[in-house]
Every structure is written in C-alpha cells, then in structure tokens.
Amino acid sequence: MKQNIYDNPIFFNQYKALRQKQYNYNRLLEQPTMKSLLPPLANLQILDIGCGMGEFANYCIDHHAKHVTALDVSSNMLAIAKQEHSHPQIDYQLQAIEDYEVASNSFDCITSSLSLHYVKDFDAVIRQIAQKLRPNGIFIFSVEHPIATARHTLDDNWIYDENNNRLHYAVDHYQEEGLREQTWLVDGVVKYHRTIATMVNTLITHGLTIEKIVEPIPGKEAIQQLPSIEKELRRPSFLFIKAKK
Ligand SMILES: C[S@@+](CC[C@H](N)C(=O)[O-])C[C@H]1O[C@@H](n2cnc3c(N)ncnc32)[C@H](O)[C@@H]1O
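End of the sequence shown = 622 in the working numbering, gap-free, step of one.
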C-alpha cells in the first residue's frame, strides 16, 4: 500500500508551517540545487513527480516550459497547488507515481524533489521513468541522503556531548535496504532506505547515463539566514542525481 502521510491533517498542517517559513532547507538548499541542475526549460514537456504545492511546476512555466504534468498522491498538497499555482499549462493530477500511465517518450524532462524515498519499488518506478522520457531526455531527482535514512532509529542521527554539542553523526545499517519508520512531525512516517550504489545502478540498468551527482552544501548567505543549516558542511541531508536517456 502507498503511504499518503501528507493527507494526515496533523502532519500536513505542521509541514505547511515549515514550508511557509521564510528560511528553510527547501528554499535555501534543495530548490536552488534542483534549479541549478535543470537544462534550459524553453518548450520542454516536463513531468514533476511528487509536485507538492506546485511551486516548482510554476517555476518551470515561468521559465518557458511548454507544459508541466504535476503528479502528487496527496489531495491536500494538490489543493494548495491549484489554489496558488494554477496555470493553463500545468496539469495537476492526483496520482501515485507507481500508478501513472502515459505513452512512452512523452517527456523531455522528469523531475522529483524529495518524493522517491517514499516509493517502495524504486526499480519499477525508474523503469517507467526511463520509458516516459524521450531520447536525450533528462531525469533529475533528489532524495533524503542515504546516510540520513540508513539507521533504524531515524529521529536524530547526531551524537551529542553532555553540553549538547554535536560530536559526530551516526551511520549504521547502511547496507540493509528497505523500510524505515520515523517520527517526523508525527509518528509512523514510512520511508525507504536504499544505498547510493542501488540508486545509481538502477538508473544504469534502465538505460540512463549518469551526468552528475550532487550532495549540496549551503553558501555563506544561507548560513547567515538559517544558522542551523551549517551542519550540512559536516554531512549532507540530500542526494541529487541527474541522468540522461
Ligand atoms: C517532501 S514533499 C516535496 C514536495 C515538492 N516536490 C517540493 O519539493 O516542494 C514530498 C511529496 O511527495 C509526494 N509523494 C509521496 N509519495 C508519492 C508517490 N508515491 N507518488 C506521488 N507523489 C508522492 C507527497 O504527497 C509530497 O507532496
């Protein structure tokens, strides 16, 4: 069964509050990295998987993409997307990526920010993505970094001294792929841990060529705006992979 935690009202309200903050990890780190990896968008047909509140779909249209199909499994997220970022060239669809059917070679660019760690069968989804991309099409995705999803107790991977200073970051069970249950905003949030090797090799198996891998670090300005983001200089929270068909 596919999880749809973003339709849990308590989770959703807290997530929305996080995203509305002037400075957060998405605005300062994740989205700038995603945008830096994009090809020129003019006239492209784009599929955005796990589109959330539609900000990125809107960005693509602002940058002259021809059309964006924006999928999300959460009706809460899509309600905000439609309210705030409706556009005749954006087609919002309430769909899990696992169930999305469309003709092969339909998209020039497929993107996904922080949604594929919710997907159980990564291999099946990547096979579909590779089919849906046109030749030379680009696939760019970010996930929570596997060093962050590896441990079975995900709530806080930092180890502190008696004065609450961060001593080091703990990674364990890295090679043990599969389900992880986390308390993040609410109890019982399910994510799937997989190694970097599995992700890269799955893309290669389905005929994609890796163009770039990024483990983003914040710049000085971001650290001034959100001092807690400085810990990204010690270990990455996100992993990005850009690949070409
Ligand atoms: C962390 S949010 C990111 C939203 C958006 N991409 C952004 O960066 O603002 C993850 C999104 O993925 C969606 N999602 C989770 N599992 C999904 C699935 N199997 N298919 C489609 N969307 C999914 C969630 O509902 C949620 O909106």
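For each residue, glycine too, the CB sits at the ideal point set by N, CA and C.
**Request:** Please go through the region 511-587 and give each complete beta strand (DSSP E) segment of 3 or more residues, from N-terminal end onward.
**Result:** Segments of the beta strand (DSSP E) lying fully in the region 511-587: 535-537, 543-546, 555-561 and 563-570.
Can you find the residues in the same chain that come closer than 7 angstroms, C-beta to C-beta, to Leu-454, ignoring five residues on each side of it along the sequence?
Sequence index remark: in the sequence shown, residue 454 carries index 77 (1-based). Sequence inspection shows Met at residue 454; the Leu mentioned does not correspond to that position. Only Tyr-383, Gly-429 and Met-430 meet the Cβ criterion.
Practice task
Give the secondary structure of Asp-498 by DSSP, where H, G and I count as helix, E and B as strand, and everything else as coil.
Solution key: The sequence position of residue 498 within the sequence shown is 121, counting from 1. Three-state result, Asp-498: coil.
### Query
So Ser-492 and Ile-426 are in contact, right, with Cβ under 8 angstroms, and what is the actual spacing, rounded?
As a position in the sequence shown, residue 492 is number 115, starting the count at 1. As a position in the sequence shown, residue 426 is number 49, starting the count at 1. Between Ile-426 and Ser-492 the Cβ distance is about 6 angstroms, and since that is below 8 angstroms, they are a contact.
Restricting to Cα atoms, I'd like to know which of Val-496, Val-591 and Glu-607 is closest to Phe-617.
For this step, residue 617 is matched to residue 240 along the sequence shown. Nearest in C-alpha terms to Phe-617, of all of Val-496, Val-591 and Glu-607, is Val-591.
Should Ser-605 go down as buried or exposed, given a rule of 16 or more other Cβ atoms within 10 Å for buried? The sequence position of residue 605 within the sequence shown is 228, counting from 1. Residue burial is scored here from C-beta neighbours: Ser-605 has fewer than 16 other C-beta atoms within 10 angstroms and is therefore classed as exposed.
Requested in this report: Excluding the 5 residues preceding and the 5 following Val-496 in the sequence, name in chain order all residues of the same chain whose CB lies nearer than 6 angstroms to its CB.
Outcome: In the sequence shown, counting from the first residue as 1, residue 496 sits at position 119. Excluding five sequence positions before and after Val-496, the CB atoms of its chain that fall closer than 6 angstroms to its own CB belong to Val-502, given in chain order.
Have a look at the DSSP bridge pairing and note the partners of Gln-470. The residue you call residue 470 lines up with position 93 of the sequence shown. According to DSSP, Gln-470 shares a beta bridge with Leu-448.
message = Considering only the alpha carbon of each residue, which of His-440, Gln-460, Ser-452 and Leu-471 lies closest to Thr-446?
response = Counting from one through the sequence shown, the residue named residue 446 turns up at place 69. Nearest to Thr-446 by C-alpha distance, out of His-440, Gln-460, Ser-452 and Leu-471, is Leu-471.
From which residue to which residue does the beta strand (DSSP E) around Ile-618 run?
-> The residue you call residue 618 lines up with position 241 of the sequence shown. Residues 615-621.
### Message
Could you tell me the alpha carbon to alpha carbon distance between Glu-629 and Leu-556, rounded to whole angstroms?
### Response
As shown, the chain starts at 378 and ends at 622. That puts residue 629 outside it, with no answer to give.
I'd like the span of the beta strand (DSSP E) that includes Leu-424, first residue to last. In the sequence shown, the residue the question calls residue 424 occupies position 47. Per DSSP, Leu-424 belongs to the beta strand (DSSP E) from 422-426.
query: If you drop the 5 nearest sequence neighbours on each side, which residues of the same chain put their C-beta closer than 7 angstroms to that of Leu-562?
result: Within the sequence shown, the letter at position 185 stands for residue 562. Result list for Leu-562: Phe-388, Gln-391 and Tyr-392, in chain order.
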